[in-house]
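> Residue numbers (our numbering), protein chains in the order written: chain A, 37 to 147; chain B, 9 to 119.
Quick one: structure below, then a few questions.
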Amino acid sequence: EAAVTQSPRNKVTVTGGNVTLSCRQTNSHNYMYWYRQDTGHGLRLIHYSYGAGNLQIGDVPDGYKATRTTQEDFFLLLELASPSQTSLYFCATRDSAETLYFGSGTRLTVL
Amino acid sequence: QQQVRQSPQSLTVWEGETAILNCSYENSAFDYFPWYQQFPGEGPALLIAIRSVSDKKEDGRFTIFFNKREKKLSLHITDSQPGDSATYFCAAYTGYQNFYFGKGTSLTVIP
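As structure tokens, then:
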């Protein structure tokens, strides 16, 4: 049973569209992260959180909002999606031993 | 500024050979270096990690060699198997909340 579950698995939207990516964990970890993965760029941190109501800015935050509603749930919001945001998005949690646990990813296409 | 660099971008070896994946970093404050393995359609998963107080870490066929003075490390996969075909990410961590990932090395093991 996956400890980090992302939904949807795939999403297609149009330029200017509104998209919400969801992540739920059963690890009870404090830290949760949103990354995007692009060929030639590896994994880049968008936003992260260390608890409900907390949000920290990552390295590539422009065009993204995030919200941590509970210990378990972390959402990534694209309010005006652009083709440059076409990517593979991963959610991850971190344990006290500094190990990251990734979800299976959401592939987002912005037409 | 790329904090973590990996080479080669792709690597092909025959089954039974040793694959060597390289990584270098910029920030001397990094003290924890995990390697993540990613199969197509999945999220990355921790393979092996080393802390800067050590110069070598072994786990079965996987070994990390770490050179703090040169800010370099390498992952050696001995007796490579087709099932090792995956993308490998080197990461670095300071003890704060952000991990920095390299762009990855795609390994193919030919039977």
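Here a beta-carbon is modelled for each residue, glycine too, at the ideal position from N, C-alpha and C.
#1: Starting from the Cα of V117 (chain B), find the closest Cα among B:Q14, B:L19, B:V12 and give me that residue.
#2: What does G89 (chain A) touch in chain B if you count any residue whose Cβ is under 8 Å from its own?
#3: So, under 8 Å CB-CB, L112 (chain A) and A102 (chain A) are touching, yes? Tell me the CB distance rounded to an integer number of Å.
#4: State buried or exposed for I72 (chain B), treating a residue as buried only when at least 16 other CB atoms are found within 10 Å of its CB.
#5: By the 10 Å Cβ neighbour count, where 16 or more other Cβ atoms means buried, how is P52 (chain B) classified, buried or exposed?
#6: For a contact meaning CB atoms closer than 9 Å, what does F110 (chain A) contact in chain B?
#7: According to DSSP, is D92 (chain B) part of a helix, a strand, or is it coil?
#8: Do you know whose CA, among A:S132, A:S118, A:R143, lies nearest F126 (chain A)'s CA?
#9: Tell me, please, whether the stretch 77-84 of chain A touches the stretch 50-64 of chain A by the rule of three or more beta-carbon pairs shorter than 8 Å.
#10: DSSP puts R143 (chain A) in a beta bridge; with which residues?
#11: Mind checking which residues open and close the beta strand (DSSP E) that includes A102 (chain A)?
#12: When you compare the CB positions of N66 (chain A) and Y137 (chain A), do they come within less than 9 Å of one another, or not?
#13: Tell me, to the nearest whole angstrom, how far the beta carbon of F4 (chain B) is from that of F74 (chain B); I am working on the premise that it is less than 8 Å.
#14: Whole angstroms are fine: how far does the CA of T75 (chain A) sit from the CA of R50 (chain A)?
#15: Could one say the Cβ of N106 (chain B) lies closer than 9 Å to chain A's Cβ atoms, at least one of them?
#16: Give me, in chain order, the residues of the same chain whose beta-carbon lies closer than 8 Å to that of Q92 (chain A); leave out the 5 immediate sequence neighbours on both sides.
#17: Specify the secondary structure class of P42 (chain B) as computed by DSSP and reduced to three states.
#18: Tell whether a beta-carbon distance below 9 Å holds between A133 (chain A) and Q107 (chain A).
#19: In the DSSP output, what is R77 (chain B) paired with across the bridge?
#20: Can you check which of these residues, A:G139, A:V96, A:T105, A:R45, is closest to A39 (chain A) by C-alpha distance?
If we stick to the structure as given:
#1: B:L19
#2: The premise fails here: G89 (chain A) is roughly 16 Å from chain B at the closest Cβ pair, so nothing lies under 8 Å.
#3: 5 Å
#4: Label assigned to I72 (chain B): buried.
#5: buried
#6: Those within 9 Å of F110 (chain A) in chain B number zero; the least Cβ separation is about 14 Å.
#7: helix
#8: A:R143
#9: no
#10: R143 (chain A) is bridged to A:N46, A:L124.
#11: Where A102 (chain A) is concerned, the enclosing beta strand (DSSP E) stretches over 101-104.
#12: Taking 9 Å as the Cβ cut-off, N66 (chain A) and Y137 (chain A) do not qualify as a contacting pair.
#13: Given a span of 9 to 119 for chain B in the structure shown, any question on residue 4 (chain B) remains unanswerable.
#14: One detail in the question is off: residue 50 (chain A) reads as Val in this sequence, not Arg. Rounded to whole angstroms, the separation of the alpha carbons of T75 (chain A) and V50 (chain A) is 22 Å.
#15: yes
#16: H83, Y84, S85, Y86
#17: In this structure, P42 (chain B) counts as strand in the three-state DSSP scheme.
#18: no
#19: R77 (chain B) pairs with nothing; no bridge assigned.
#20: A:G139
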